[in-house]
Amino acid sequence: MAYQLYRNTTLGNSLQESLDELIQTQQITPQLALQVLLQFDKAINTALANRVRNRVNFRGSLNTYRFCDNVWTFVLNDVEFREVTDLVKVDKVKIVPNCFCSLVGHTTECTLAVWPCLQMFLNSLTLISSDL
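Here the sequence shown is numbered in this note's numbering, starting from 106 and rising by one per residue.
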């Protein structure tokens with residue numbers, strides 16, 4: 106399953122607007138537009154997983170964490186992101202790891218195994234939003 110997180114990016118929104126316009130002018134069917142979006146989801150997830158090699162370190166205070174529908178969500182306060190020479194500070198960050206439990210080989214027992222698997226979590230982070 107490819108995550109649909111990136112449909113809300115500038116690229117994803119532009120694609121959806123273009124597809125909507127093509128549907129309205131009856132140049133494509135809604136079913137074809139859905140197939141294009143599903144292919145976009147797969148392609149963007151694969152590209153980001155395989156082609157992006159930048160590293161960013163961050164530090165903040167854990168506000169909340171939750172596990173719902175096999176998805177971990179972490180909210181951090183007063184976060185500093187550091188790349189080699191850049192420093193960015195934000196008040197709140199919401200982080201959702203992509204497919205964390207399947208990465209570490211857990212299913213329902215993943216809720217009990219979060220701390221031993223924290224290193225795997227940190228390696229699989231996807232920054233969703235710096236604005237809640």
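No residue lacks a Cβ here, since even glycine has one placed at the ideal position from N, Cα and C.
Straight-line gap, residue i to residue j (C-alpha atoms, nearest Å)
| i | j | result |
| --- | --- | --- |
| GLU188 | LEU139 | 37 angstroms |
| ARG164 | THR134 | 47 angstroms |
| TYR108 | THR190 | 31 angstroms |
| GLY210 | ALA152 | For GLY210, the predicted model reports a pLDDT of 49, less than 50, meaning its position is unreliable; a value from the coordinates is still stated below. Taking the straight line joining both Cα atoms gives about 23 angstroms. |
| SER119 | ASN159 | 25 angstroms |
| THR115 | LEU142 | 14 angstroms |
| GLN240 | CYS173 | One cannot answer for residue 240 here, as it falls past the ends of the chain, which runs 106 to 237. |
| SER123 | GLN132 | 11 angstroms |
| ASN175 | PHE186 | 27 angstroms |
| GLN136 | ASN162 | 41 angstroms |
| LYS199 | TYR170 | 10 angstroms |
| LEU127 | LEU192 | 42 angstroms |
Same chain, Cβ closer than 6 angstroms to residue i, five either side skipped, listed in chain order
| i | result |
| --- | --- |
| ILE149 | TYR111 |
| VAL184 | PHE163, GLY165, VAL195, VAL198 |
C-beta contact flag for residue i and residue j at 9 angstroms
| i | j | result |
| --- | --- | --- |
| ASN241 | LYS194 | With the chain represented from 106 up to 237, any question about residue 241 goes unanswered, as that position is not in the structure. |
| LEU167 | VAL157 | no |
Close-in-space but distant-in-sequence residues of the same chain around residue i (CB under 7 angstroms, 5 per side omitted)
| i | result |
| --- | --- |
| ALA154 | none |
Chain-order list of residues whose beta-carbon lies under 8 angstroms from that of residue i (same chain, five-residue window excluded)
| i | result |
| --- | --- |
| GLY117 | TYR111, PHE145, ILE149 |
| GLN121 | ARG112, LEU142 |
Identify every run of the beta strand (DSSP E) within the region 152-194, keeping only runs that are complete inside it and at least 3 residues long; order them along the chain. 162-173, 176-187
Fully enclosed by the region 110-144, which alpha helix (DSSP H) runs are 4 residues long or longer? 115-129
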